[in-house]
Structures are given as structure tokens and as C-alpha cells.
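Under this note's numbering, the first residue of the sequence shown carries the number 346, and numbering increases by one thereafter. Even for Gly, the Cβ is constructed at its ideal location relative to N, Cα and C. Values in this document were obtained by computation on a predicted structure and should not be read as measured data. Worksheet for the structure shown next.
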Amino acid sequence: LALEKGSVTSHAAILAKSLRIPTIVGIPNLFDSYSAPIKGAAIDAIEGNLYINPTSDTINKLRNKKLRLKKILNFYEKKILSLPSSTTDGKPISVYANIEFPYEVDDNVKHLSAGVGLYRTEYLFLDKTEVPSEDEQYNEYLTVAKKIYPLPVILRTIDIGGDKLASYSNIFRFNEQNPQLGCRAVRFCLSNVEFFKTQLRAILRASVLGNTKIMFPMISSVEELRDVKKVLAEAKEELEKKKIPYDKKIQVGIMIEIPSAVMIASDLAKECDFFSIGTNDLIQYSLAVDRNNPHVTHLYEPAHPAILRMLKKIAESAKKAKITCSICGEMASDPLFTEFLIGIDLENFSMSSISIPQIRTLITAINYNEAKELADKVLSLPTAVEIKEVLKERLKKFKSFISI
């Protein structure tokens with residue numbers, strides 16, 4: 346795919362990565378730049394190059410590069426099967442898979458990951474021509490739970506809105522000037538309670554195997570979390586009245602992806618069983634940068650000191666409350682940040698399955714105590730430029746582990 350708009354953290358790009366489709370985004374004036382007839386195109390998504398009407402020599406070079414990368418990926422996959430998922434000094438680090446569709450849970454995901462750390466359930470709705478029934482949802486969720494069993498799966502309730510809209514039903518039609526700040530995720534669900542309860546009942550029914558967890562996105566306050574938990578309690582009560590079984594010990598977690606949630610993370614931690622940090626939206630909302638707007642893409646900066654300090658605060662709040670905390674945004678799969686994230690005591694990473702072999706291999710080369718020292722140094726720096734200089738220099742130490 347070659348797209349004029351969007352960014353590497355837009356949902357179109359994330360979906361393409363999950364489906365292993367080479368993609369380049371944010372190419373200015375893509376369709377206005379070529380007057381000659383376009384007979385074909387080729388993409389080098391590693392380097393970010395798009396070739397219009399490529400020569401046979403270019404195509405052969407790209408095919409050879411693809412074969413080399415496939416061999417490297419296969420090497421990583423085989424290598425990590427024999428390695429513990431821990432640092433050199435024994436710090437356990439779990440790596441989970443992000444998925445959008447049940448068919449993504451294949452043998453590779455089950456063998457290489459610790460489970461499904463993020464199941465984006467909204468794609469079930471986006472992939473249909475009408476709103477799926479409770480039974481349809483239940484069957485989809487149960488399929489994933491069965492395929493990954495006995496490993497866990499975290500089902501995130503529908504995160505509709507923003508750049509993810511389904512036009513086939515009036516319930517999903519929005520007319521908002523700024524949809525990223527509008528009626529999305531739990532805001533949408535709390536405005537459509539019966540719709541929300543249908544999904545919650547389906548998730549609860551699929552939890553009978555005991556390996557399913559529920560996660561709510563875009564939580565901005567304790568009141569909002571209590572509101573969604575109240576609807577969850579109602580869904581449980583409805584199932585109990587009908588004597589329909591579900592896991593009564595099912596864990597409930599939330600995405601931390603709004604600055605307000607970061608500031609009250611210690612309060613939110615008292616109200617749930619786990620955190621998952623959604624860095625894609627957290628960066629967008631913290632830096633006031635639309636991640637789908639190519640005009641401000643250069644301002645979307647994961648290495649911004651404020652972002653890294655927020656991550657530290659979230660991890661500390663979770664640790665103090667003795668709940669688990671994972672990171673599931675694109676930062677989790679970026680080798681530049683792996684050692685830093687381990688250094689601030691994040692022990693659970695969740696990412697597209699294609700990134701798991703490389704990150705797991707890198708983890709086995711990192712020393713936890715050294716990572717803590719690196720994190721302290723990085724957190725003291727005032728600019729993203731200085732931070733990236735330190736992280737890039739540090740990454741050279743692990744060059745043999747990040748060949749892709």
C-alpha cells in the first residue's frame with residue numbers, strides 16, 4: 346500500500362502491518378506527481394521507497410531483499426523458541442500479540458508469544474455489512490479464546506470513532522468536526538448502553554475457558570471507569586438470570602491513553618486489575634498532534650520527554666497498586682525504546698506478531714540493571730533530540746540483534 350495521508354500509527358497502517366502488507370504512508374501529492382501512465386509499482390517499506398514503473402533490475406533487487414528478510418525473520422523465530430523470555434540477568438519480560446481477526450492466532454502466535462495482549466474487537470464490526478449479533482460476537486471471541494488457550498487473551502471493547510467508522514448503520518454515523526476528540530470508544534458505548542451490553546454479554550459468555558480478560562479503551566476518569574463497570578455488572582446479572590455461565594473471576598483492565606488518566610493513574614489502579622498503555626493515542630493527545638495529519642507528522646514524537654515521563658509515572662502507579670501493566674502501542678515494537686521501557690519496569694509488551702521475534706531476541710541481550718541506568722539518564726534529558734541521540738548510540742550495542 347502507498348498512501349497520501351496518515352502515519353505509521355494510523356489505524357490503516359497498523360492494520361496493514363498486522364496483515365503483513367508492505368505499506369508507506371504520508372506521501373505528499375502521491376496521485377498528482379505522475380503524468381506518465383502508471384503500468385506498475387513496487388514498494389520497499391523498510392527504506393520507505395516507492396518505485397513507479399520499476400525496471401526488471403529493481404524488481405529483482407527487491408525480491409532478493411524480501412527473501413533475505415524472510416530468512417532473517419525465520420532465524421529469529423527459531424532462535425527464540427530455545428531462549429527464555431527474560432533479560433540477561435533473569436528479569437522476566439512477557440511479549441504478547443496484538444490481533445484484529447481470529448485467523449491471526451496461528452501456531453506462530455501461540456509458540457512465540459505469551460498470549461494475545463490486545464484483541465481489537467472493533468474490526469469485527471468494521472468488517473461487516475450490519476451490526477453483528479450477540480451470538481456472532483460470542484462465536485468470534487470464543488474462537489480466539491480456544492485457539493490461544495491456555496494462554497490469555499485480552500479483549501478490548503469496541504473502540505469505534507476517530508478514524509474507525511462503520512457507515513452501514515445509523516448507530517455508527519457521526520458528524521463531528523473533530524472526531525478524535527468526539528464520541529469514540531467508551532463514550533460511544535455509554536451513549537449506546539444496549540449495544541454495549543450486547544458486546545459485554547458476548548465477551549462474558551466467551552470467558553468460560555478462564556483465559557479471557559476485558560479491557561476498556563479511552564478511560565478518562567474514575568467516574569467513567571465506574572460507569573462502564575456498572576454496565577458490565579448489569580450484563581453479568583442478565584446472564585446469571587438466564588443461568589448462562591461465564592468466568593466470574595474475569596479480570597477487568599483499562600487502556601491508559603489520555604493525559605487525564607495518566608495524572609490519576611494511582612486512583613484508577615485501585616479500580617481495575619491491570620493497565621495497558623496505548624502510546625499511539627497517548628502521544629497524539631499529549632502533544633496535540635493529529636496522528637493522521639501529514640502536515641504535523643513531524644511533531645508526533647514518541648521520544649518527547651513528557652511522553653517518557655508519563656510512561657514512567659504509569660508504570661510506577663501500577664507497581665505501587667500491585668497490578669500488571671503492559672504497553673501495546675507502536676512504541677512496544679520499536680527497538681529504539683525496548684531497553685528504556687524495560688528500565689522503567691514495564692514487564693509486558695504487546696505488538697503485531699511480525700515484530701515479536703525481533704523484540705524477544707533483543708530482550709534476551711538486555712541487562713535489566715543497565716536498562717534502569719539508561720532510563721534514569723534518558724528521563725533527565727530535556728529534549729527529544731538528545732534522548733534519541735542517547736538511545737540510538739545505545740542501540741548500536743545490540744546491532745546484531747536487530748538486523749531487520
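Annotated three-state conformation of K350 is coil, per DSSP.
In this structure, the straight-line span from the alpha carbon of T488 to that of P447 is close to 7 Å. Cα atoms of L348 and I397: separation of roughly 14 Å, rounded to the nearest angstrom.
Put simply, the backbone Cα of N453 is about 13 Å away from that of N443.
Secondary structure of R465 (DSSP, three-state): strand.
Counted as a single uninterrupted DSSP element, the stretch harbouring K615 is not any beta strand (DSSP E), since DSSP gives it neither H nor E. Boundaries cannot be given for M676, as no alpha helix (DSSP H) includes it and DSSP labels it neither H nor E. For Q629, the number of other beta carbons within 10 angstroms of its own is at least 16, and it is reported as buried. Excluding its 5 nearest sequence neighbours in each direction, K722 has C-beta neighbours in its own chain below 8 Å: V735, listed in chain order. 8 Å or more divides the Cβ of K558 from the Cβ of I599. Pairing V573 with E481, the inter-Cα distance amounts to about 22 Å. Taking C-beta atoms as the reference points, C617 and L570 count as a pair closer than 8 Å. Minimum Cα-Cα distance from V450 among the listed residues I708, S697, K717, A720 corresponds to S697.
Rounded to the nearest angstrom, the Cβ distance from E467 to D504 is 5 Å, consistent with a contact under 8 Å. By the beta-carbon neighbour count (other beta carbons within 10 angstroms, threshold 16), D434 is exposed. Spanning the alpha carbons of A530 and F561 requires a straight line of approximately 8 Å. In this structure, I652 is the residue among V440, K667, E422, I652 with its C-alpha nearest to the C-alpha of E602.
A direct Cα-to-Cα measurement between E692 and E392 gives close to 30 Å. Contact check for A551 and Y441: beta-carbon distance about 18 Å, past the 8 Å limit, so the pair fails to qualify.
In the three-state reduction of the DSSP assignment, R501 falls in the strand class, which pools E and B. Residue pairing from DSSP leaves C528 without any beta-bridge partner. One Cα belongs to P399, the other to K491, and the distance between them is close to 45 Å. Note on the segment 422-475: whole beta strand (DSSP E) runs with a minimum of 3 residues are 439-444, 461-465, in chain order. Between Y645 and S352 the beta-carbon gap is near 6 Å, inside 8 Å, which marks them as a contact. Assignment of V576 by DSSP, reduced to helix, strand and coil, places it in the helix class. Of the residues assessed, P590 falls on the exposed side of the cut-off, its CB having fewer than 16 other CB atoms within 10 angstroms.
Membership of Y591 in any beta strand (DSSP E) is not indicated, and neither H nor E is assigned to it by DSSP. Residue range 557-561 is occupied by the beta strand (DSSP E) that includes M560. In the three-state DSSP reduction, A651 falls in the helix class (H, G or I). The segment 665-675 and the segment 621-635 touch, with three or more beta-carbon pairs separated by less than 8 Å. Taken in chain order, the unbroken stretches of beta strand (DSSP E) that lie wholly in the segment 684-728 and span 3 residues or more are 693-697.
When the five nearest sequence neighbours on each side are left out, the beta carbons in the same chain lying within less than 7 Å of the beta carbon of K717 are those of G688, in order along the chain. Non-local C-beta neighbours of D690 in its own chain, meaning closer than 7 Å and more than five positions away in sequence, comprise A660, K664, ordered along the chain.
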